[in-house]
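Participant:
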Amino acid sequence: MEHKLPALPFAKDALAPIISAETIDYHYGKHHATYVANLNKLIPGTEFENLTLDQIVKKATPGGLFNNAAQVWNHTFYWNCLSPKGGGEPTGALADAIKKAFGTFAQFQEKFAATAVGTFGSGWAWLVKNPDGSLAIESTSNAGTPLTTAKKPLLTCDVWEHAYYIDYRNARAGYVEKFWKLANWSFVADNLK
Amino acid sequence: MMTRRDAMKKTALLTAVTALPWLLRNQTQAADAAPAGSFTLPPLPYAFDALEPYIDARTMEIHHDKHHQTYVGNLNKAVAGQASLAGKSVEDLLRDLSAVPEDVRKVVQNNGGGVANHNLYWQCLKKNEGGKPAGELAKAIEKKWGSYDNFKAEFTKAGMTQFGSGWAWLSLDGRQLVIEQSPNQDTPLSKGRVPLLAMDVWEHAYYLKYQNRRADYVAAFYNVINWDFVSERYAKLAS
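If you're matching them up, the sequences are chains E and H in order.
Take the first sequence: its letter number 66 is residue 66 in my numbering, and every next letter is one higher.
Take the second sequence: its letter number 99 is residue 99 in my numbering, and every next letter is one higher.
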């Protein structure tokens, strides 16, 4: 089964100036596309050939196949977490769950940002739902993803340098601060359901 | 005639006189010994644009003045007030991370690695106009890999297959040359080896000029290896 690069859920310049069209050109058009192309090269003739992307990520052992498959999944999820109409604060059940876990929305933001900025090297910051329904924040390295665990990913922020280097250089904290203006809370709320 | 008591006095005096330079030296050392948290950023040993067009000036400026500086600052913060670490070089810290108090060990591993790795990386770089390893190093590379081109192929592979942030290295394992890779800011020093040549493959090392094309950066890297430095380092450390 050939895996396809999903369409971006917004125009490539729609997130500017927070995330520039140039960043999207590389991040989506090169990095994400390369992970898809590598995945398609790695699976023919293997037990993974006819599995869905989710199944491959969950089944693959550490190595090239896992890295490429998980990075395809993580990036598709990341694009959906961003929206030119994003920002503001979550409402309803999501807002309640965040308050229950972190006290206030501001405290949640602070903790999530600290995790994103503190992830050393390449990786991702995540808001996840635990099996008991509570929310938690975690960090994964490189292609690591909550998809391989019992936790359900709700929101992610890509902190590989390629996600922000063109627009923010070394200033990861500046990128993470602006990330909130794009956070797609309706997508996150759907993931919580 | 010298009494026993006189002899004892004399011995004590001699001992004190003999010990004096040692005492003084020790005091001076104590005064000079770096308190924990006094690491500094060495200046770049050449201009930002010295490696153009292979590595651009803007990348060098941000890489040295921001990234490397941040590792220095974070390392100083991590070891500040850690009396047991006073006077240790960053290499000392990395060679024996188990001696670093556990609560700051990971921070020292990451930021100390960032300091030491970049210190070496800058020294490894110089436009070489097609230069190659020289002297004993050239012989050792040929003995180990058959040819310089074979060495390049292996070193390139180490740089290309390091997924995410990290480094490719030519190191000494005892007196043997080895090519290895490490994630993040981990260093061969922490594995008992001695790095001779460092290639940074964090995206910040190449993104402004090469973006997603790490392969192009790695290919260009061979034009800026300071083989004189690496060859001398080998001659000194392998003998």
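Backbone N, C-alpha and C define an ideal beta-carbon position, used for all residues, glycine too.
For E:ASP132 and E:ALA97, what's the separation of their Cα atoms in angstroms?
Facilitator: Whole-angstrom Cα-Cα distance: 12 angstroms.
Participant: Looking only at its chain, what residues have a beta carbon closer than 6 angstroms to the beta carbon of H:ASP49, apart from the 5 residues adjacent to it on each side?
Facilitator: Listed in chain order, the non-local C-beta contacts of H:ASP49 below 6 angstroms within the same chain comprise ALA57, local neighbours out to five positions each way being set aside.
Participant: Three-state secondary structure (DSSP) at E:LYS152?
Facilitator: E:LYS152 falls in the strand class under three-state DSSP.
Participant: So H:GLY164 contacts chain E; which residues on that side make the cut at Cβ distance below 9 angstroms?
Facilitator: ASN67, GLY121, SER122, GLY123, SER141, ASN142, ALA143 and TRP160
Participant: Taking only beta-carbon positions, decide if E:LYS12 is within less than 8 angstroms of chain H.
Facilitator: With its beta carbon at least 8 angstroms from every one in chain H, E:LYS12 lies outside the interface.
Participant: Exposed or buried, E:ASN130, counting other C-beta atoms within 10 Å across all chains shown (16 or more means buried)?
Facilitator: exposed
Participant: List, in chain order, every chain H residue whose beta-carbon is nearer than 9 angstroms to that of E:ASN170.
Facilitator: ILE62, HIS63, LYS66, HIS67, THR70 and HIS204
Participant: I'd like the list of long-range same chain contacts for H:MET178, defined as Cβ closer than 6 angstroms, with 5 residues on each side in sequence excluded.
Facilitator: A quick correction: the sequence has Val, not Met, at residue 178 of chain H. Excluding residues within five positions, the ones whose Cβ falls inside 6 angstroms are SER171.
Participant: Which residues in chain E have a C-beta closer than 9 angstroms to the C-beta of H:ASN117? List them in chain order.
Facilitator: The premise fails here: H:ASN117 is roughly 12 angstroms from chain E at the closest Cβ pair, so nothing lies under 9 angstroms.
Participant: Short check: CB of E:LEU192 to CB of E:ALA93, under 8 angstroms?
Facilitator: yes
Participant: Does DSSP put H:VAL194 in a helix, in a strand, or in coil?
Facilitator: Three-state result, H:VAL194: strand.
Participant: Which same chain residues, not among the five before or five after E:PHE66, have their C-beta less than 6 angstroms away from its C-beta?
Facilitator: ALA60
Participant: Mapping DSSP to helix, strand and coil, what is E:ALA136?
Facilitator: In the three-state reduction of the DSSP assignment, E:ALA136 falls in the strand class.
Participant: Could you give the C-beta distance for E:LEU51 and E:HIS3, rounded to a whole number, given that I count them as a contact under 8 angstroms?
Facilitator: The Cβ separation is near 10 angstroms, so there is no contact.
Participant: In chain H, which residues lie less than 8 angstroms from E:TYR165 when you measure between Cβ atoms?
Facilitator: GLU203, HIS204, TYR207 and LEU208
Participant: Just to confirm before moving on: does the CB-CB distance between E:VAL72 and E:TYR35 stay below 8 angstroms?
Facilitator: yes
Participant: Would E:THR145 and E:ASN74 qualify as a contact pair, given that the criterion is a beta-carbon distance under 8 angstroms?
Facilitator: Yes, Cβ-Cβ distance for E:THR145 and E:ASN74 is below 8 angstroms.
Participant: Verify the contact flag: E:GLY121, CB atom, against every heavy atom of the ligand ATP, threshold strictly below 7 angstroms.
Facilitator: Only the bare structure without any ligand can be found here, which leaves the ligand ATP out of the picture.
Participant: Could you pull out every unbroken alpha helix (DSSP H) segment of at least 4 residues lying fully inside the segment 23-92 of chain H, listed in chain order?
Facilitator: Listed in chain order, they are 57-62 and 69-79.
Participant: Where does the unbroken beta strand (DSSP E) through E:GLY92 begin, and where does it stop?
Facilitator: No beta strand (DSSP E) holds E:GLY92; the alpha helix (DSSP H) holding it covers 92-102.
Participant: Could you please give me the residues that DSSP links to E:VAL128 through a beta bridge?
Facilitator: Beta bridge pairing from DSSP links E:VAL128 with E:ALA136 and E:PRO153.
Participant: Give the residues of chain E in contact with H:ASN110, contact being defined as C-beta atoms less than 7 angstroms apart.
Facilitator: PHE120
Participant: If you count every other CB in all the chains shown that lies within 10 Å of the CB of E:ALA106, and 16 or more means buried, which is it?
Facilitator: Classified as exposed, E:ALA106 has fewer than 16 neighbouring CB atoms from the shown chains inside 10 Å of its CB.
Participant: Would you mind reading off the limits of the alpha helix (DSSP H) that contains H:LEU172?
Facilitator: Run containing H:LEU172: none in the alpha helix (DSSP H); it sits in the beta strand (DSSP E), 166-173.
Participant: List the residues of chain H that E:HIS31 touches, going by C-beta distances under 7 angstroms, in chain order.
Facilitator: ASN212
Participant: Give the single residue among E:ALA21, E:MET1, E:THR76 and E:LYS12 whose Cα lies nearest to the Cα of E:ARG167.
Facilitator: Checking the sequence, you will find Asp at residue 167 of chain E rather than Arg. The residue among E:ALA21, E:MET1, E:THR76 and E:LYS12 with its C-alpha nearest the C-alpha of E:ASP167 is E:ALA21.
Participant: Inspect the CB distances between the segment 56-70 of chain H and the segment 90-103 of chain H and report whether three or more fall short of 8 angstroms.
Facilitator: Three or more beta-carbon pairs separated by less than 8 angstroms are not found between the segment 56-70 of chain H and the segment 90-103 of chain H, which leaves the two stretches without contact.
Participant: Could you check where the alpha helix (DSSP H) with H:GLU136 kicks off and where it finishes?
Facilitator: Note, H:GLU136: alpha helix (DSSP H), 135-145.
Participant: Is it right to say H:GLN109 is buried, meaning 16 or more other beta carbons lie within 10 angstroms of its own, or is it exposed?
Facilitator: buried
Participant: Counting only the same chain and skipping the five closest in sequence on each side, list residues whose C-beta sits under 6 angstroms from that of E:TYR78.
Facilitator: Excluding sequence neighbours, E:TYR78 sits near THR156 and ASP158.
Participant: DSSP state of E:ALA37, grouped into three classes?
Facilitator: helix
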